[in-house]
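Just add 35 to wherever you are in the sequence shown, counting from 1, and you've got our numbering. Every residue, glycine too, gets a C-beta built ideally from N, C-alpha and C. A short write-up of the structure that comes next.
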Amino acid sequence: MKLTLPSADDGILVMLKLPGERCNINCHYCYERRKPYDNPVSLEPEVLQRFLDRCGTRPLSVMLHGGEPLLVGRQRMARLLEVLRAYPGPVTLSMQTNGIMLDDRWLDFFDHEWPDIEIGISIDGDSAGSAHRVDFADRPTYPLVVRALERLGRRGRNVGVIVVVTRLLLGRASEVLDSLTAHPCVRVVKLSSCLDFNVVSKDYNTPNRRSLQILNPTGEGMPGWATTPAEYAAFLAEAFDHWVASRLFDRVLIEPFFSIIRSVSGQPNAYTGYSERKEPFILTLYPDGRIGSSDELSMPGALLGTVDGTASIDDLLSLRSNEALHRDLSGLLRQCAGCSHESTCRGGALPDRLRFAGSGFEESYCDSRKATVDHVSAAMSAVPA
């Protein structure tokens with residue numbers, strides 16, 4: 036495989052880090068809080084405008100992200116959306132939120148400002164699975180997120196949820212899916228891996244500081260919330276079997292299964308882990324004007340430039356401004372040459388593979404991907420034509 040770069044007309048995903056790392060909760064595994072932020076500022080409309088000026092008319096899928104994006108408030112949010120509406124090219128809008136601030140006033144706001152915004156909620160399955168999603172005093176946030184899902188359901192909105200598969204979920208895939216799909220508004224579930232390795236938690240002087248020190252005392256090896264690739268693959272196998280046996284597929288799309296099915300069938304898909312369109316198709320705009328590649332890549336290693344330091348987004352998408360990143364990502368894909376699952380796995384999640392480089396988990400990661408693809412493929416083969 037070769038690293039595919041966007042052409043001049045290709046659409047890209049743009050992650051807007053509206054409040055930077057600022058959040059109203061303090062998840063133990065938060066990757067945003069591992070990044071360097073010099074100043075706790077929010078994204079200014081003027082910075083967004085300068086970024087969009089460099090995008091020409093390229094199609095953009097924009098995601099409001101953070102931290103917690105709603106922390107910027109309705110007044111600033113309205114100004115940011117006004118800038119996005121004036122963009123001369125096609126724009127679709129989504130938002131990833133923990134849901135805690137998502138009250139009726141916010142939903143009324145989006146109904147007026149951008150009615151077709153897609154809203155994603157972060158919730159790690161059920162109450163037990165969400166125990167790493169806590170506030171700054173280590174208190175659970177799960178009941179507040181459930182309240183948001185119930186409100187979205189009453190408003191007739193369909194939502195997607197992101198589930199980070201930590202150790203707390205292992206062996207409980209059926210319970211986790213049943214808990215999520217009990218909410219009629221949930222139509223998409225993304226089961227994201229938590230393959231953290233050698234990650235350093237920031238040391239905040241907060242009541243849950245002790246929990247972080249226990250879970251990740253040295254920043255070396257696997258922190259207490261992470262799973263191995265094999266454990267994640269086992270969870271996916273259990274989740275897939277339950278998805279099929281319970282016929283949840285009739286009303287809920289689950290990733291990565293949908294993308295694996297498309298990949299096995301030879302069809303393209305947009306899920307980066309099973310697509311040829313990887314990190315070069317993702318840009319992250321930070322409040323201070325820094326532009327990085329995928330927000331899942333560490334900073335400053337993923338830094339591509341700044342809004343005032345580049346004339347065109349095309350220059351950044353080529354990765355010429357960060358040759359080391361281009362070399363690292365390309366090198367990972369070259370390792371796939373000759374693999375029996377190259378055409379279906381399509382290189383996997385490159386941020387995870389970079390994190391595992393030199394850890395001894397590289398082969399385990401690839402084996403786990405093969406196991407998941409084979410599990411889904413076997414089920415597809417068993418379906419009568």
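query: Assign GLU25 to one of three DSSP states: helix, strand, or coil.; result: Only positions 36 to 420 of the chain appear in the structure, and residue 25 is not among them; the question remains open.
query: DSSP on GLY254, reduced to helix/strand/coil?; result: coil
query: Look at LEU203 and TRP260 and say whether their C-beta atoms are less than 9 Å apart.; result: yes
query: Within 10 Å of its beta-carbon, does PHE37 have 16 or more other beta-carbons around it, so buried, or fewer, so exposed?; result: Residue identity check: residue 37 is Lys in the sequence provided, not Phe. It counts as exposed.
query: Tell me ARG325's beta-bridge partners as DSSP assigns them.; result: THR341
query: If you draw a straight line from the C-alpha of ALA372 to the C-alpha of SER365, how long is it?; result: 12 Å
query: Are the region 150 to 162 and the region 44 to 51 touching, with three or more C-beta to C-beta distances below 8 Å?; result: no
query: Using beta-carbon positions only, say whether TYR64 and VAL198 come within less than 9 Å of one another.; result: no
query: Within this structure, are the beta carbons of LEU145 and LEU205 separated by less than 9 Å?; result: In the sequence on display, residue 145 carries Phe and not Leu. Taking 9 Å as the Cβ cut-off, PHE145 and LEU205 do not qualify as a contacting pair.
query: According to the Cβ coordinates, are LEU354 and SER375 closer than 9 Å?; result: no
query: Three-state secondary structure (DSSP) at LYS70?; result: coil
query: Where LEU385 and VAL194 are concerned, what is the direct C-alpha to C-alpha distance, given to the nearest angstrom?; result: 27 Å
query: Compare the beta carbon distance of VAL223 and VAL299 with 9 Å and say whether it is the shorter of the two.; result: no
query: Who does MET130 pair with in a DSSP beta bridge?; result: LEU99, ILE154
query: Let me know the secondary structure DSSP gives PRO242 once reduced to three states.; result: coil
query: Since VAL234 and PRO258 are thought to touch, with beta carbons under 8 Å apart, how far apart are those beta carbons, to the nearest angstrom?; result: 6 Å
query: With a CB to CB cut of under 7 Å and the five nearest residues on each side skipped, what residues in its chain are close to TYR267?; result: VAL200, SER228, LEU230, SER403
query: So, with DSSP's three-state summary, where would you put LYS405?; result: helix
query: Is GLY102 near LYS52, with beta carbons less than 9 Å apart?; result: yes
query: Look at the alpha carbon of PRO322 and the alpha carbon of ARG57, and state the distance between them as a whole number of angstroms.; result: 11 Å
query: Going by Cα to Cα distance, which pick from ALA172, HIS361, HIS218 is closest to VAL196?; result: HIS218
query: Evaluate the contact criterion for the region 392 to 406 versus the region 344 to 359: three or more CB pairs, one atom per stretch, below 8 Å.; result: no
query: Within 8 Å: the Cβ of ASP138 and any heavy atom of the ligand ADP?; result: Among the components modelled here there is no ligand, and therefore nothing to report on the ligand ADP.
query: Using only alpha-carbon positions, find the residue among LYS405, ASN133, TYR122 that is nearest to ILE295.; result: LYS405
query: Would you call the region 410 to 419 and the region 270 to 279 in contact, with 3 or more CB pairs under 8 Å?; result: yes
query: Start and end of the alpha helix (DSSP H) containing GLY195?; result: Looking at the DSSP string, GLY195 is not in any alpha helix (DSSP H); the run it does join, the beta strand (DSSP E), is 194 to 200.
query: Given that a residue counts as buried once 16 or more other Cβ atoms are within 10 Å of its Cβ, and exposed if not, what is ILE249?; result: exposed
query: Distance check for PRO54 and TYR239, CA to CA, integer angstroms please.; result: 18 Å
query: Sort SER281, GLY134, GLY382 by Cα distance to ASN59 and report the nearest one.; result: GLY134
query: Starting from THR379, follow the alpha helix (DSSP H) in both directions and report where the run begins and ends.; result: 377 to 380
query: In terms of residue numbering, what span does the alpha helix (DSSP H) encompassing ILE348 cover?; result: 348 to 352
query: Can you give me the C-alpha to C-alpha distance between ALA305 and LEU360, rounded to a whole angstrom?; result: 22 Å
query: Helix or strand or just coil, what does DSSP make of GLY307?; result: The question names Gly, yet the displayed sequence has Thr at residue 307. Here THR307 sits in helix by DSSP.
query: For LEU368, which residues in the same chain have their Cβ closer than 7 Å to its Cβ, ignoring the five residues on either side in sequence?; result: MET36, LYS37, LEU38, GLY382
query: Could you check where the alpha helix (DSSP H) with ARG186 kicks off and where it finishes?; result: 177 to 189
query: Considering only DSSP beta bridges, list what ILE317 is partnered with.; result: LEU48
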